[in-house]
Amino acid sequence: MTKVNTLSKLVLICGLATATLGAGSVLAKGGMHDRQGHSSARFLLSERGAEKLDLTQDQQTKLKAIFEAQKTQMKALRGDDKEARKAMRKAHKAKMDVLLSAATFDENAAKELLSERQSKGEEFALIKLKTQHQVMQLLNAEQKEKFAKIQKRKSKKQRKQKS
7 MTKVNTLSKL
17 VLICGLATAT
27 LGAGSVLAKG
37 GMHDRQGHSS
47 ARFLLSERGA
57 EKLDLTQDQQ
67 TKLKAIFEAQ
77 KTQMKALRGD
87 DKEARKAMRK
97 AHKAKMDVLL
107 SAATFDENAA
117 KELLSERQSK
127 GEEFALIKLK
137 TQHQVMQLLN
147 AEQKEKFAKI
157 QKRKSKKQRK
167 QKS
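Using my numbering, you'd call the opening residue of the sequence shown number 7 and step up by one each time.
Spelled out as structure tokens, the structure:
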């Protein structure tokens, strides 16, 4: 009877561990790959978006140029070499492992590691904000209002889907 009980506990623990890891991975992926800017670009560049916002041909051309510039900047910041990015992640992980396995916690080293990682994220965010600003400057007051309502509806819809 105790072997069955132990086996049941082991199966339960394995199931919980798998579920926990799976849920953590899903949550992490959702947070890391936020496509809010991407979906806005897709909407603004679509025929439907142009129709709903009554965009002129000139505005559509300028929007394409704005989003193309953003894409180029993001690609330059990200870099083309996947192996180099992989090596950088591996080096960062190694530094983190050294920090965590040290006998005493080095707060300054930890802050330095965190700031290295955050600075690149800030650069990406800055590019996105500049793009959003350029887009908003291109739209007239009526188009801005319509666009804000559309974004609000999309946001509400996404929140419902997540919960």
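Positions of the beta carbon are idealized from the N, C-alpha and C atoms, including for glycine.
Query: Sequence ranges, alpha helix (DSSP H) only - wholly within the stretch 28 to 116, length at least 4; Result: 42 to 51, 53 to 58, 63 to 84 and 88 to 107
Query: S161, enclosing alpha helix (DSSP H) - first and last residue; Result: A147 to K168
Query: Per-residue burial, V104 [other beta carbons within 10 Å of its own, 16 or more giving buried]; Result: exposed
Query: Backbone CA spacing between F153 and D112 [nearest angstrom]; Result: 48 angstroms
Query: Distance, T78 Cα to K101 Cα; Result: 31 angstroms
Query: Rounded straight-line distance, which links the Cα of A90 to that of K81; Result: 14 angstroms
Query: Per-residue burial, Q76 [other beta carbons within 10 Å of its own, 16 or more giving buried]; Result: buried
Query: Rounded straight-line distance, which links the Cα of K58 to that of T137; Result: 21 angstroms
Query: Rounded Cβ spacing between I72 and Q140 (contact assumed at less than 8 angstroms); Result: 5 angstroms
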